[in-house]
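Chains A and B, in that order, are what the protein sequence lines are. Going by the working numbering, the first residue of the first sequence is number 17, and it counts up by one from there. Going by the working numbering, the first residue of the second sequence is number 17, and it counts up by one from there. Written below as C-alpha cells is the structure these notes are about.
Protein chains: 2
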Amino acid sequence: MTSKSHLKYVRLLHQKKYREKENVYIAEGIKIVNEALLSYSPVIKMLLFTPENRSQLKPELIPKNIQVIELPSDDFRKISILKNPQGVLIVIQKPVARYPKPSEFGNLVLILDSIRDPGNLGTIIRLADWFGIRNIFCSEDTVECYNPKVVQATMGAIFRVNIYYTALKELFLSLHDSGFTTYGSSLQGENIYTKKLKTPAAVILGNEAHGISTDLLPLIRENILIPNFSKSVNCSESLNVSLAAAIISSEFRRLSV
Amino acid sequence: MTSKSHLKYVRLLHQKKYREKENVYIAEGIKIVNEALLSYSPVIKMLLFTPENRSQLKPELIPKNIQVIELPSDDFRKISILKNPQGVLIVIQKPVARYPKPSEFGNLVLILDSIRDPGNLGTIIRLADWFGIRNIFCSEDTVECYNPKVVQATMGAIFRVNIYYTALKELFLSLHDSGFTTYGSSLQGENIYTKKLKTPAAVILGNEAHGISTDLLPLIRENILIPNFSKSVNCSESLNVSLAAAIISSEFRRLSV
Numbered sequence: 017m018t019s020k021s022h023l024k025y026v027r028l029l030h031q032k033k034y035r036e037k038e039n040v041y042i043a044e045g046i047k048i049v050n051e052a053l054l055s056y057s058p059v060i061k062m063l064l065f066t067p068e069n070r071s072q073l074k075p076e077l078i079p080k081n082i083q084v085i086e087l088p089s090d091d092f093r094k095i096s097i098l099k100n101p102q103g104v105l106i107v108i109q110k111p112v113a114r115y116p117k118p119s120e121f122g123n124l125v126l127i128l129d130s131i132r133d134p135g136n137l138g139t140i141i142r143l144a145d146w147f148g149i150r151n152i153f154c155s156e157d158t159v160e161c162y163n164p165k166v167v168q169a170t171m172g173a174i175f176r177v178n179i180y181y182t183a184l185k186e187l188f189l190s191l192h193d194s195g196f197t198t199y200g201s202s203l204q205g206e207n208i209y210t211k212k213l214k215t216p217a218a219v220i221l222g223n224e225a226h227g228i229s230t231d232l233l234p235l236i237r238e239n240i241l242i243p244n245f246s247k248s249v250n251c252s253e254s255l256n257v258s259l260a261a262a263i264i265s266s267e268f269r270r271l272s273v
Numbered sequence: 017m018t019s020k021s022h023l024k025y026v027r028l029l030h031q032k033k034y035r036e037k038e039n040v041y042i043a044e045g046i047k048i049v050n051e052a053l054l055s056y057s058p059v060i061k062m063l064l065f066t067p068e069n070r071s072q073l074k075p076e077l078i079p080k081n082i083q084v085i086e087l088p089s090d091d092f093r094k095i096s097i098l099k100n101p102q103g104v105l106i107v108i109q110k111p112v113a114r115y116p117k118p119s120e121f122g123n124l125v126l127i128l129d130s131i132r133d134p135g136n137l138g139t140i141i142r143l144a145d146w147f148g149i150r151n152i153f154c155s156e157d158t159v160e161c162y163n164p165k166v167v168q169a170t171m172g173a174i175f176r177v178n179i180y181y182t183a184l185k186e187l188f189l190s191l192h193d194s195g196f197t198t199y200g201s202s203l204q205g206e207n208i209y210t211k212k213l214k215t216p217a218a219v220i221l222g223n224e225a226h227g228i229s230t231d232l233l234p235l236i237r238e239n240i241l242i243p244n245f246s247k248s249v250n251c252s253e254s255l256n257v258s259l260a261a262a263i264i265s266s267e268f269r270r271l272s273v
C-alpha cells in the first residue's frame, strides 16, 4: 500500500461495515497503544504515528510483522477519530468472539440489553476489568464494541474483557441451568443494600431510555433497586446505566471482602 | 427580536462567553424541557420549538412571561446542540451561585477537582440528585456546569443540585471547621468496603488524567480505595471518575439503611 492508500484504509475503518469486512478495529492515543503493545492479547496489524510522537513509542515493543507508517500531522488528522488527534493509532485484528467455557464464567457476569451509547458501553467494559468481571454478554442490538468511541472509553480494558453478542433469552436459560441467579433492577425491586445477594450472579442492565426489554422481564429471578435518597418530588427517574452497573457490581464485590 | 435574531441569539449561547454575558444557558429535548416546565426552580426566558413538537408541550405549563417561538425544523437544526435535534429548546436564567448555609449541607457533599469532561460532570450531577446530595463544590478549572453537554447529561438534575465553584483549599479548611471528614481515593488508601466511614463527609474526586491536585492531598483526612478485583497484570489503572463517585457515594448512603 502507498501512504495515501493507508490513509484511505484507516479512514474507512471509522465505519462499521469496513471493520466487519476487514475484521479489524482501530485505537488511538499513546496510552492505549502502549497498553496494546505491552499486552499479549491484541493482534496489532498496523501502527501509524507522527514524527512528533515517535519518541513515545518503545521500538523494542513493536512487533516485527506489522506495518509501521510514519506520517505528517496533517495526514494523521485525516485518520484520527479524536477531536484532538493524539498522533498514534493502531489497527488491531478483532479477536474471535467466543462463548466462554463454564470454567471461565467467574462468579459475576454482566448482560447488556440494548445499550446504545458508546461511552456507556466503553465505561462498563472498563468497570468490568476493574472488578475482575471477565465476560460481558450483549444483545445483538447493543452498540458494537469495536466502535472507536467504545474502544477509547475502555482505556484498554477491551483487550482483557471477553465480549459476546448473543440472543439474551437463550442466554438466560443457559445461565439458570449453570446455577446463576439473574438480577435486574426495577422500581419494584428489593433494596440492594439490605437484600441478601447470591453468587454466581448475572446482572442485566437495560437500555438507556427504555430499560430492560419486556420479553426478558419474566426471566429475571431477582429484582433489585438502588434506592433513591432524594427528597425532591421531581427528582431524577433513574441513574445513568454505567453508574447503576458500577453500584450493583460493587455490591457483589463487597460480598467477598 | 425577529425570528432571525432569535436564531443568532441562541446560537451564540453555545459559547461560554455569551452564556456569561447574558447570564443564561440552554437545554434541549422534550424530557428536560418538560421537567423544567414542571419544576419551580429554573427561570425560563425563552421556549423554541418546531411545529412537529408542539403537541408534546403542555400549554398550561408554559409560563406567561416568556418568549415562545415556533420555528421550522431547518432553522431549529441551526440552534440545536444535538446531533439529532429534538425540536424543543429552552433558554434558562442561571441561578445565583451561592455558598450553602451550614443547615443546607446535608451529611454528604462532593468536591470536584478539575473535572474536564462534560459527560462526567453531568453524570455526577445526576448521581448527586439520585443520592440526595444537595451540594457539589467544583474547583474553578472544572468544566462549566452550564456547558450544553453537561446540562444534557444531567437529565434535569441540574435544576435541583446546588453547584458552587470555589477555591478548594479554603473549602477544605471550612469543611473541617464544620465537622466534616474529607475523603479522597488513593492507591494507598484503605479498602472502602472494610473501612469505617464517618459522616458528615466530603468526598473529593480528582481530574480524569491526573487525579487529585498535589496541593490538596495533604488536606485530605481519610484515604480510601475501591479495590481492584482483576487478576490480570496489566489491568485498568483506574475507574472512570463518575463510576468512582457512584461507588463511593453508594457506600456512604448504605450506612443509613
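We put the beta carbon where it would ideally sit given N, CA and C, even for glycine.
In this structure residue 109 (chain A) is in contact with residue 59 (chain A), their Cβ atoms being roughly 4 Å apart against a cut-off of 8 Å.
Shown here, residue 218 (chain B) sits in a strand according to DSSP, grouped into three states. Boundaries of the alpha helix (DSSP H) around residue 92 (chain B): 89 to 95. The alpha-carbon separation between residue 85 (chain A) and residue 28 (chain B) amounts to approximately 42 Å. Scanning the segment 39 to 63 of chain A for uninterrupted alpha helix (DSSP H) segments of 4 residues or longer gives 46 to 54, listed from N- to C-terminal end.
Around residue 260 (chain B), the same chain offers 201, 221 and 242 as residues with beta carbons nearer than 7 Å, after the five sequence neighbours per side are excluded.
Residues are counted here when their Cβ sits less than 9 Å from a Cβ of chain B; for the segment 166 to 189 of chain A these are 169, 170, 171, 172, 173, 175 and 176, given in chain order. Taking a cut-off of 8 Å for Cβ pairs, the segment 53 to 73 of chain B and the segment 100 to 120 of chain B touch, as three or more such pairs fall below it. About 34 Å separates the beta carbon of residue 176 (chain A) from that of residue 161 (chain B), a gap too long to meet the 8 Å contact definition. Interface residue (Cβ-Cβ distance to chain A less than 8 Å): residue 46 (chain B) is not classified as such. Using beta-carbon distances, residue 103 (chain B) does not count as an interface residue toward chain A, since no partner is under 8 Å. For residue 109 (chain A), the uninterrupted beta strand (DSSP E) segment begins and ends at 104 to 109. In this model, residue 170 (chain A) and residue 163 (chain A) are separated by some 11 Å (Cα to Cα). Each residue's CA atom was taken as its position, placing residue 204 (chain A) and residue 185 (chain A) some 22 Å apart. According to DSSP, residue 154 (chain A) shares a beta bridge with A:128 and A:181. When the Cα atoms are used, residue 150 (chain B) and residue 140 (chain B) turn out to be separated by approximately 12 Å. For residue 139 (chain A), the C-beta contacts it makes with chain B under 7 Å involve 256 and 259, in order along the chain.
Taken through DSSP and simplified to helix, strand or coil, residue 121 (chain A) comes out as coil.
Residue 267 (chain B): member of the alpha helix (DSSP H) spanning 257 to 269, first to last residue. As the crow flies, the alpha-carbon of residue 138 (chain B) is around 8 Å from that of residue 165 (chain B). Any Cβ of chain A closer than 8 Å to the Cβ of residue 99 (chain B) would place that residue at the interface, and such an atom is absent.
Within the segment 127 to 138 of chain B, the residues whose Cβ lies closer than 8 Å to some Cβ of chain A are 135, listed in chain order. For the options A:213, A:247 and A:253, the alpha carbon positioned closest to that of residue 267 (chain A) is the one of A:213. Taking 8 Å as the cut-off, the Cβ atoms of residue 121 (chain B) and residue 147 (chain A) do not count as close.
Rounded to the nearest whole angstrom, the CA to CA distance from residue 89 (chain B) to residue 66 (chain B) is 6 Å. Close partners of residue 54 (chain A) in chain B (Cβ separation under 8 Å): 250.
Around the beta carbon of residue 115 (chain B), a 10 Å sphere encloses fewer than 16 other beta carbons of the protein chains shown; the residue is thus reported as exposed. Looking at the DSSP output, residue 65 (chain B) sits in a beta bridge with B:86 and B:104. At a beta-carbon threshold of 7 Å, the residues of chain B lying near residue 145 (chain A) are 246, 251 and 252, ordered along the chain. Under the three-state reduction of DSSP, residue 139 (chain A) is assigned to helix.
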